[in-house]
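So the structure is just underneath, and the comments pick up after that.
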Amino acid sequence: MSRSAKKGPYIDEKLLKKIKDLRPDEKKVIKTWSRSSSIFPDMVGHTIAVHNGKEHIPVFITENMVGHKLGEFSPTRKFRGHGGKMAKEQAKAAVVKSAPQPTGKEGK
Numbered sequence: 381m382s383r384s385a386k387k388g389p390y391i392d393e394k395l396l397k398k399i400k401d402l403r404p405d406e407k408k409v410i411k412t413w414s415r416s417s418s419i420f421p422d423m424v425g426h427t428i429a430v431h432n433g434k435e436h437i438p439v440f441i442t443e444n445m446v447g448h449k450l451g452e453f454s455p456t457r458k459f460r461g462h463g464g465k466m467a468k469e470q471a472k473a474a475v476v477k478s479a480p481q482p483t484g485k486e487g488k
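Right, here's the structure in full:
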């Protein structure tokens, strides 16, 4: 058994209190900085705004998220994409170079 499994799940006490005080029919966004808190079944159906270092990202909690950490659903880095115009041109040039060159001896 790994050490993290022995320690058990963690949830910030202030966050747990806010969720317990919230009625199930009330749709209020709860802000939190606690990315390390585990998602419990009590949180299902609520929206929690998780801080990513710059802003709060709203996360709607569903049943299949239970057991994960809140920080998993609030990315801290922005993916800008690979390549661009230069990468497309280089890929096209590589395809042209790797194509078989005609030798001129096929028809004889």
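Every number in this note's numbering is 380 more than the matching position in the sequence shown, counting from 1. Heads up, the beta-carbon is just placed ideally off N, CA and C, and yes, glycines get one too.
Rounded Cβ spacing between residue i and residue j (contact assumed at less than 8 Å)
i, j, result
"Val430", "Gly451", "7 Å"
"Lys398", "Ile410", "5 Å"
Residue j beta carbon less than 9 Å from that of residue i
i, j, result
"Gly463", "Ala473", "no"
"Leu402", "Ser414", "no"
"Ile437", "Phe459", "no"
Option in the options with minimal Cα separation from residue i
i, options, result
"Lys408", "Ser414, His426, Lys394", "His426"
"Pro404", "Met423, Pro389, Asp392, Lys387", "Met423"
"Thr456", "Lys449, Glu435, Met445", "Glu435"
"Met370", "Ile428, Lys465, Gly433", "Lying before the first or after the last residue shown, residue 370 is absent from the chain, which here runs from 381 to 488."
"Glu393", "Ser478, Thr412, Ser382, Thr483", "Thr412"
"Lys449", "Pro389, Met466, Arg383, Lys400", "Pro389"
For residue i, three-class secondary structure by DSSP
i, result
"Ile399", "helix"
"Ser384", "helix"
"Ser418", "strand"
"Val409", "strand"
"Lys468", "helix"
"Val475", "helix"
"Phe440", "strand"
"Lys434", "coil"
"Lys449", "strand"
Would the region 411-425 and the region 441-448 be scored as touching if the rule is three or more Cβ pairs under 8 Å? yes
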